[in-house]
Amino acid sequence: MTEPLLAVENLCVDFATRSGPVRVLNDVSFTLAPGETLGIVGESGCGKSMTSLAVMGLVPRPNGRIASGRILFRGEDLVRAPARRMRQIRGAAISMIFQEPMTSLNPIFTVGRQIAEAIRLHEDVSRAEVRNRVVDVLGRVGIPDPTRRADEYPHQLSGGMRQRVMIAMALVCRPQILIADEPTTALDVTVQAQILDLILGLQQEENTAVILISHDMGVISQVSDRIMVMYAGRAIEKGPCREVVETSAHPYTRGLIACIPDIERTGRMTEADRLPTIPGIVPDLRTLGETCAFAPRCALADAGCDTWTVAPVRLDEAHVAACRKAAGGAVA
Amino acid sequence: MARDPAFHPPKAPFVEAMAIFLGNRAAMAGLIVLAVVILASLIGPSLYGVDPKATVNAPFLPPMEDAASPLGTDYIGRDVLAGLLSGGPATIMIGTAAALVAVLIGITLGALAGYYGGMTDTILMRFTEFFQVLPALLFAMVLMTLFTPSLRVTIIGIGLVMWPPTARLARAEFMKLRNMDYVRAERAMGARDRRIIWRVILPNAMPPLIAAAALVVGVSILFEAGLSFLGLGDPNIRSWGEMIGSNRDYIFDCPWAVFFPGIAIFLTVLGVSLVGDGLNDAMNPRFRER
Chain A
1 MTEPLLAVEN
11 LCVDFATRSG
21 PVRVLNDVSF
31 TLAPGETLGI
41 VGESGCGKSM
51 TSLAVMGLVP
61 RPNGRIASGR
71 ILFRGEDLVR
81 APARRMRQIR
91 GAAISMIFQE
101 PMTSLNPIFT
111 VGRQIAEAIR
121 LHEDVSRAEV
131 RNRVVDVLGR
141 VGIPDPTRRA
151 DEYPHQLSGG
161 MRQRVMIAMA
171 LVCRPQILIA
181 DEPTTALDVT
191 VQAQILDLIL
201 GLQQEENTAV
211 ILISHDMGVI
221 SQVSDRIMVM
231 YAGRAIEKGP
241 CREVVETSAH
251 PYTRGLIACI
261 PDIERTGRMT
271 EADRLPTIPG
281 IVPDLRTLGE
291 TCAFAPRCAL
301 ADAGCDTWTV
311 APVRLDEAHV
321 AACRKAAGGA
331 VA
Chain B
1 MARDPAFHPP
11 KAPFVEAMAI
21 FLGNRAAMAG
31 LIVLAVVILA
41 SLIGPSLYGV
51 DPKATVNAPF
61 LPPMEDAASP
71 LGTDYIGRDV
81 LAGLLSGGPA
91 TIMIGTAAAL
101 VAVLIGITLG
111 ALAGYYGGMT
121 DTILMRFTEF
131 FQVLPALLFA
141 MVLMTLFTPS
151 LRVTIIGIGL
161 VMWPPTARLA
171 RAEFMKLRNM
181 DYVRAERAMG
191 ARDRRIIWRV
201 ILPNAMPPLI
211 AAAALVVGVS
221 ILFEAGLSFL
231 GLGDPNIRSW
241 GEMIGSNRDY
251 IFDCPWAVFF
261 PGIAIFLTVL
271 GVSLVGDGLN
281 DAMNPRFRER
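Here the protein sequences line up with chains A and B, keeping their order. Residue numbers 1 to 332, in the working numbering, belong to the letters of the first sequence in order. Residue numbers 1 to 290, in the working numbering, belong to the letters of the second sequence in order.
Have a look at this one:
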């Protein structure tokens, strides 16, 4: 296995609330190799976005803080990196695409100018050179007539176009890691596929590592090399895409996969064909202890689960699940 | 097919705002009034050629009696029209400069308070409230009497009592805008706080601030007139307020010496206010028909 580009080790993030500190990320670890796509899935509030913000060094202050753990980017611990160093890394070595293309662009500047600023923040290049790169990157993200589009304002572009501009801004400094936080959630289904294809195509050109965050197991399972499933601030299952999808060890992962609608199902629908759901809701993070947070919603849970301290169970070399009942595994 | 003027390709936000502003009749009327006042102040003194500070005619000369002094003279025979023409630049300059001082202080403190929040916000806002609870006129009077009244002291004195509303407005705008997605995106690009405050948020916060600044100019002009009326302005500068102030003891003997500068102040402040309202309507997206 190649040297990981990014290694997150035992990351814990706390938020201060009126009723005491809440652990929103609990002992999250993962690695990312160059050119690899890591998919992070889970319901709202499970810590997907917080993981990406932590990597970017953008955990909201002053309420949130990284309580413990390390984020190693090519061996450099970003948790302890000074603010100056983090600014150098953000946008240049590690970039991020946000969920809302409609509001993630500054409404009063042309898109060309905003991309140009992304370049100027990190590189000292001439005006003409900046302009060339802006037009070039807009062309590469599939915007027709990039010379003209560069001088347009965000409100003149469609949602899909704006997301392409966001991708252009994130990629213009050729980052080694691209974090895409629900990049297609706000877009039409037809545009979603285009944007995903675009991200993955550009990834292959530049050998960029991608962290793709989504609540949509269908999307994640199609494009990821490896998958990390999160629940209530913990990584509950990690492994290569195929293994996680086909031999899911955690009941929550199986639930997410069962929730993917199957368009090829034909014939008369019976009650058994109804799309299954996972009963219950994500628990209140304040009430969690060291036991399995999914147990109250889990069909397999028994009395033993209420006292079992959550620990990753190793199923094979790369596949880990945090479930007491994960088949045949031993606590890693 | 009939030409539809509203059917046009989108323009830059600023160009669009200008178009709305230029189509606003009240604002245009205000702009015309202001233009006349400024033009008269700029070329009037040299055209009229009468020294505003010198006694040029008999005192208490009513308007329309002597062709040499069409608006009459005041209690020591100074020409009222010459005073009006030369008082314009002083009045407008003091009002604008004082508003500039107020807006600069207000935006700086409001931006920092709104952007950083927490302790910074608490400290800066308590400081702002301290200034807000002081009676403005009284505070300005104290400042003027502590120092020898001069142009600079007048400007800074008025600026120092006028900034709190701007600070509160700037703070509110920054609190709203700091959580916008494009601010987050900018931070994710590696921008530092200084850049985000001045280059990303401030331009977006400008529309209401510009409109507010225009109104501050109007109030500053009134303030200057008030201070001069009380005899606290620089006696060497013939502003409109100073004309009213120096003639206040003779208000029944030569009402015209007070009336004309009063009208000039009224028209100027009205013009500034109309323009300010027009800017507000043009730049506040809530009033825009989209």
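A virtual CB, placed ideally from N, CA and C, is assigned to each residue, including glycine.
Measure the alpha-carbon distance for B:GLY110 versus B:THR122 and round it to whole angstroms.
Taking the straight line joining both Cα atoms gives about 11 Å.
Please report whether the beta-carbon of B:ASP253 lies at a distance below 8 Å from any beta-carbon of chain A.
It does not: the Cβ of B:ASP253 has no partner Cβ on chain A nearer than 8 Å.
Strictly by DSSP, which residues pair up with A:GLU237?
DSSP output for A:GLU237 lists A:VAL229, A:ALA321 as bridge partner(s).
Taking the beta strand (DSSP E) that A:ALA67 falls in, what are its first and last residues?
Segment 64-73, the beta strand (DSSP E) holding A:ALA67.
Across which residues does DSSP place A:GLY20 in a beta bridge pair?
According to DSSP, A:GLY20 bridges with A:THR17.
Kindly list, in the order they appear in chain B, the residues whose Cβ is closer than 9 Å to that of A:SER126.
Ordered by position in chain B, no residue passes the 9 Å Cβ test against A:SER126, which lies about 20 Å from the chain.
Taking the beta carbon of B:MET283 as the centre, do at least 16 other beta carbons fall within 10 Å, making it buried, or is it exposed?
It counts as buried.
According to a CB-to-CB cut-off of less than 9 Å, which residues of the stretch 201-233 of chain B neighbour chain A?
So the close ones are PRO203, ASN204, MET206.
For A:PHE30 and B:ILE107, what's the separation of their Cα atoms in angstroms?
A:PHE30 and B:ILE107: Cα-Cα distance of roughly 45 Å.
Any idea what DSSP makes of A:GLU76, helix, strand or coil?
A:GLU76: strand per DSSP, three-state reduction.
Where do the ends of the beta strand (DSSP E) carrying A:MET96 lie?
It spans 94-97 - the beta strand (DSSP E) in which A:MET96 sits, taken as one unbroken run.
Around the C-beta of A:LEU5, are 16 or more other C-beta atoms found within 10 angstroms, so that it is buried, or is it exposed?
Burial call: buried.
At what residue ranges does the stretch 208-280 of chain B contain a whole run of the alpha helix (DSSP H), taking only runs of 4 or more?
DSSP runs (the alpha helix (DSSP H)) wholly in the stretch 208-280 of chain B: 240-246.
Name the residue from B:GLY88, B:ILE158, B:ALA27 whose alpha carbon lies nearest to the alpha carbon of B:ALA140.
Out of B:GLY88, B:ILE158, B:ALA27, B:ILE158 has the C-alpha closest to the C-alpha of B:ALA140.
If you draw a straight line from the C-alpha of B:SER46 to the C-alpha of B:ALA54, how long is it?
Distance between the alpha carbons of B:SER46 and B:ALA54 is about 15 Å.
Residues of chain B with a CB under 9 Å from the CB of A:ILE71: which are they?
Those within 9 Å of A:ILE71 in chain B number zero; the least Cβ separation is about 15 Å.
Jot down the residue ranges of each uninterrupted alpha helix (DSSP H) in the stretch 106-143 of chain A, minimum 4 residues, whole runs only, in chain order.
Qualifying alpha helix (DSSP H) stretches, in chain order: 111-120, 127-140.
Between the Cα of A:ALA290 and the Cα atoms of A:LEU275, A:ALA311, A:ALA301, which residue gives the shortest distance?
In the sequence under discussion, the amino acid at residue 290 of chain A is Glu, which differs from the Ala named in the question. Among A:LEU275, A:ALA311, A:ALA301, the Cα nearest to that of A:GLU290 is on A:ALA311.
Tell me whether A:HIS155 is buried or exposed, calling it buried when 16 or more other Cβ atoms sit within 10 Å of its Cβ.
Classification for A:HIS155: exposed.
Is B:ARG192 helix, strand or coil when you go by DSSP?
Reduced to three states, the DSSP call for B:ARG192 is coil.
How should A:PHE109 be labelled, buried or exposed, when 16 other C-beta atoms within 10 angstroms of its C-beta is the threshold for buried?
The residue in question, A:PHE109, is buried, as its Cβ has 16 or more Cβ neighbours within 10 Å.
For A:GLN361 and A:MET169, I'd like the C-alpha separation in whole angstroms.
Only positions 1 to 332 of chain A appear in this structure, which leaves residue 361 of chain A out of reach.
Evaluate contact between the stretch 11-30 of chain B and the stretch 274-282 of chain B, counting only Cβ atoms and requiring at least three cross-stretch pairs below 8 Å.
Enough Cβ pairs lie closer than 8 Å, so yes.
The alpha helix (DSSP H) that contains A:LEU171, what's its start and end?
159-171 is the extent of the alpha helix (DSSP H) around A:LEU171.
Starting from B:TYR182, find everything on chain A with Cβ-Cβ shorter than 7 Å and list it in chain order.
Per Cβ cutoff of 7 Å: THR103, SER104, LEU105, ASN106.
Please tell me whether A:GLN88 has its Cβ less than 8 Å away from any Cβ of chain B.
Output row for A:GLN88: interface = yes.
Can you tell me whether DSSP reads B:GLU65 as helix, strand or coil?
Note: B:GLU65 maps to coil in three-state DSSP.
Three-state secondary structure (DSSP) at A:GLU9?
Strand, per DSSP.
Measuring straight from C-alpha to C-alpha, what distance separates A:MET217 and A:ASP273?
Approximately 19 Å between the Cα atoms of the pair.
Taking B:ILE201 as the reference, which of B:VAL216, B:GLY218, B:LYS176, B:ALA214 has the closest Cα?
Among B:VAL216, B:GLY218, B:LYS176, B:ALA214, the Cα nearest to that of B:ILE201 is on B:LYS176.
What residue range does the alpha helix (DSSP H) around B:LEU124 cover?
Run containing B:LEU124: 118-133, per the alpha helix (DSSP H) assignment.
Exposed or buried, which one is A:GLN204 when buried takes at least 16 other CB atoms within 10 Å?
With fewer than 16 other Cβ atoms within 10 Å, it is exposed.
So the candidates are A:ILE143, A:ASP181, A:LEU53, A:ALA209; which of them puts its Cα closest to the Cα of A:ARG174?
It is A:ALA209.
For B:ALA192, go through chain A and note every residue whose CB falls closer than 7 Å to its CB, in chain order.
Checking the sequence shown, residue 192 of chain B turns out to be Arg, not Ala. Here the neighbours are ARG87.
Express the C-alpha separation of A:GLU152 and A:VAL342 in angstroms, rounding to a whole number.
Nothing about residue 342 of chain A can be reported from this structure: the residues present for chain A run from 1 to 332 only.
Can you confirm whether the stretch 313-322 of chain A touches the stretch 238-249 of chain A when touching is taken to mean that 3 or more C-beta pairs between the two stretches lie within less than 8 Å?
Touching, per the Cβ criterion.
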